[in-house]
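Before any comments, here is the structure.
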Amino acid sequence: VSSIARSSSHNFSVLDEHRTYQEIAELAHCFRKKEVSTQCHYKHHADLPGCTQWVFTIRDPVKRMVSAFYTTTGRKTPIHFHCSPGKARTLLENASASIEDWVRLSEHERKKCNDVFNLHTRFLAPEAPDGTQEQLALAKIRLKSMIWFGILEYWQESLWLFKHALDTDLSLYTPVFNINKYNKTLSKEAFDILESYNMLDRELYNYAEILFGRRLALLSKNEKEQHFVCDKETICWNKSSRSKRYWHINETSDASLTDPYNKEHVICGPRHGCVLSKT
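Using our numbering, the first residue of the sequence shown is number 2, and each one after it goes up by one.
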């Protein structure tokens, strides 16, 4: 995988796991309950500046839930799709289970997985009562206050805004994905049920699209002419192994694509990343 610097002006690194707005604000000693947290100073490493800017990434709520399901099935540690004990959790232990199987469970069983419903809204406003308009309103306020947020379905445009908002010359990035292969086509019944469990996230997503469009309108023509072009060669590697062995994604058998160990430990991405170019 390319080791070329992502930017000549900034260093980028992942410092921690997924955390809610409240958890991050408390670590940064700036949490303000049911308000926007400001003047945050998150000193993760001694050599890093302490100023914290809020950023967030959102994606279509139904696609997010489907992705979380297939990333979790068969894995010993269900980190993306949590269900309390019952038929739903048992189903997740089956690497061959489908989201349609989950939809066919009773509503009582499906609701044992309520930790994965409206996830974006709950991450942005965890201290508000779950599933309420109060929680949605707070999530919208906090999202709007952020210096940058990205939308997965508009990733090129999100990177334009990232470069603009943070004043960085970001010139390369490497998207990676968990290795799995499933038919993610949804029946109308499945889509409607998943949508019904994510109504707040749907409204938040629609709101994000409006804000996103307004921010894009402020960019110059030159900023909008820059695109990231990804290397067509995709390679995979075991992120848990000390070995630096890589292999081409086509060398991975279909059986390996649904193997629980591989789903948890193997990730793939374009060999030389995605490089900025002008159209």
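Don't be surprised by glycine CBs; every beta carbon is placed ideally from N, CA and C.
Treat the numbers as computed from the prediction; the structure is a model and nothing was measured.
By alpha-carbon positions, which one of 64, 173, 153 and 154 ends up nearest to residue 10? 173
Assuming residue 149 contacts residue 63 under a Cβ cut-off of 8 angstroms, what Cβ separation, rounded to an integer in Å, is found between them? Between residue 63 and residue 149 the Cβ distance is about 24 angstroms, and since that is not below 8 angstroms, they are no contact.
Does the distance from the C-beta atom of residue 278 to that of residue 170 stay below 9 angstroms? no
Using the beta-carbon count (16 or more within 10 Å), is residue 219 buried or exposed? exposed
Please classify residue 266: does DSSP put it in a helix, a strand, or coil? helix
Residue 227 to residue 168 span [Cα, whole Å]: Residue 227 and residue 168: Cα-Cα distance of roughly 15 angstroms.
Tell me which same chain residues have a C-beta within less than 8 angstroms of the C-beta of residue 249, skipping the five on either side of it? Correct list, in chain order: 234, 235, 236 and 237.
Is residue 187 closer than 9 angstroms to residue 94 when the C-beta atoms are compared? Not closer than 9 angstroms, so no.
Residues bridged to residue 230 [DSSP beta-bridge criterion]: 276
Counted within 10 angstroms of its Cβ, other Cβ atoms place residue 53 as buried (16 or more) or exposed: Result: buried.
Within this structure, are the beta carbons of residue 265 and residue 184 separated by less than 9 angstroms? no
Given this structure, state the Cα-to-Cα distance separating residue 41 from residue 26, to the nearest angstrom. When rounded, the distance between both Cα atoms is 7 angstroms.
Buried/exposed call for residue 80, threshold 16 Cβ in 10 Å: exposed
So, are the CB atoms of residue 115 and residue 202 less than 9 angstroms apart? no
What does DSSP give as the partner residue(s) for residue 156 in the beta ladder? Note: residue 156 sits in no beta bridge, so no partner.
Using 9 angstroms as the threshold, is the C-beta distance between residue 162 and residue 124 below it? no
Let me know if residue 134 comes out buried or exposed under the rule of 16 or more other beta-carbons within 10 Å of its beta-carbon. exposed
Cβ-based burial, residue 121 [other Cβ within 10 Å; buried from 16]: Buried.
When the distance is taken between beta carbons, is residue 59 closer than 9 angstroms to residue 217? no
Just how far apart, CA to CA, sit residue 232 and residue 199? 35 angstroms
Could you tell me the boundaries of the alpha helix (DSSP H) in which residue 207 lies? From DSSP, the alpha helix (DSSP H) with residue 207 extends over 200-218.
By the three-class DSSP mapping on this structure, what secondary structure does residue 57 have? strand
As a quick exercise: from 14, 229 and 91, pick the residue whose alpha carbon is nearest that of residue 159. 229
Rounded to whole angstroms, what is the Cα-Cα separation between residue 90 and residue 239? 27 angstroms
Do you know whose CA, among 117, 92 and 96, lies nearest residue 106's CA? When C-alpha distances from residue 106 are compared across 117, 92 and 96, the shortest belongs to 92.
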